[in-house]
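Shown next, in structure tokens, is the structure this report addresses.
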Amino acid sequence: MAPVVVVWKWVCGRDVIIAEIPDKRNGRHGRDMVFYNGVTHHDTRVYEVHVNDVHAMDITTGLGFVGDGALSHVLLFVTKRHEVVPNKWEDPHRDAVGDTIKYLVSAIAEEFENRMGEMPWYDTIFDPLLEGRGYLHGLVDTWVPEDDLRVRKCGVVGGDDDDDELYDGDDDDDDELYDGGDDDDDELYDGGDDDDDELYDGGH
Numbered sequence: 001m002a003p004v005v006v007v008w009k010w011v012c013g014r015d016v017i018i019a020e021i022p023d024k025r026n027g028r029h030g031r032d033m034v035f036y037n038g039v040t041h042h043d044t045r046v047y048e049v050h051v052n053d054v055h056a057m058d059i060t061t062g063l064g065f066v067g068d069g070a071l072s073h074v075l076l077f078v079t080k081r082h083e084v085v086p087n088k089w090e091d092p093h094r095d096a097v098g099d100t101i102k103y104l105v106s107a108i109a110e111e112f113e114n115r116m117g118e119m120p121w122y123d124t125i126f127d128p129l130l131e132g133r134g135y136l137h138g139l140v141d142t143w144v145p146e147d148d149l150r151v152r153k154c155g156v157v158g159g160d161d162d163d164d165e166l167y168d169g170d171d172d173d174d175d176e177l178y179d180g181g182d183d184d185d186d187e188l189y190d191g192g193d194d195d196d197d198e199l200y201d202g203g204h
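Under the UniProt record's numbering, the first residue of the sequence shown carries the number 1, and numbering increases by one thereafter.
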């Protein structure tokens, strides 16, 4: 089955697409899924994150449900796949990885809007070389960047004032691959390309 796009956002100057891989749903994942007490069963999903057509991260997700089928606990295991992703977040700039994860949590909240427990919670676990971002846990809820208490500029460490360079910091032409005006998600993914760096079309 073709990947299913769940998020397509412009994250600080980068075209970010998150797509579930249906063929990997409830498959072997090698993760230690430890949910809160009360969770009686769970599903697993694998999402690919593409940044400007580059396969940048994988997010293996565990969805824990209580007895009545309501979503109660979400686990997100994040793996870096490309150097476009920074290993750690530096204040005072926005955290591109964090924003990407919160967009995914928001999409999950929308999907399970009518099937969530009273206090559905999510936790994020990072694989090396990614360093943990301690704030990436909380209620499963919809989110936009303006929800943050202190909205940070997009940017990178080291005195670079180019706000379009949050993910990798090199100043290249791929900042303009996406103009943000295309709402047609149905053709984001080109399933016939074997080149991982060009899995997503994104060039509308």
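Cβ coordinates follow ideal geometry from the N, Cα and C atoms, glycine included.
- In the DSSP annotation of this structure, GLU48 is not part of any alpha helix (DSSP H); the continuous beta strand (DSSP E) holding it starts and ends at 41-51.
- Counting only residues of its own chain and dropping the five nearest sequence neighbours on each side, ARG81 has a CB closer than 7 Å to the CB of HIS55, ALA56, MET57, ASP58.
- In this structure, GLY62 and HIS42 form a Cβ contact; the two beta carbons are roughly 5 Å apart against a cut-off of 8 Å.
- The continuous stretches of beta strand (DSSP E) do not include LEU130, and DSSP gives it neither H nor E.
- In the three-state DSSP reduction, PRO3 falls in the coil class, being neither helix nor strand.
- For the pair ARG133 and ASP95, the CB atoms are nearer than the 9 Å cut-off.
- Annotation: ARG31 to ASP148 spans about 30 Å, alpha carbon to alpha carbon.
- Put simply, the backbone Cα of PRO145 is about 13 Å away from that of HIS93.
- The residues TYR36, GLY38, VAL39, GLY64, PHE65, VAL66, GLY117, PRO120, in chain order, have a CB closer than 7 Å to that of SER72 in the same chain once the five nearest residues on each side in sequence are set aside.
- Within the model, the alpha-carbon separation for ASP23 versus MET1 is close to 6 Å.
- Looking at the DSSP output, GLU20 sits in a beta bridge with VAL4, TYR47.
- Following the DSSP letters along the chain, one finds LEU104 inside the alpha helix (DSSP H) bounded by residues 96-111.
- Ranked by Cα distance from GLY138, the first of VAL49, LYS9, GLY13, LEU76 is LEU76.
- Linking ALA107 to VAL7 through their CA atoms gives a straight-line distance of about 7 Å.
- Check the Cα spacing between LEU129 and each of VAL4, TRP10, VAL84, GLY13: the tightest is with VAL84.
- Judged by DSSP in its simplified three-state form, GLU83 adopts coil rather than helix or strand.
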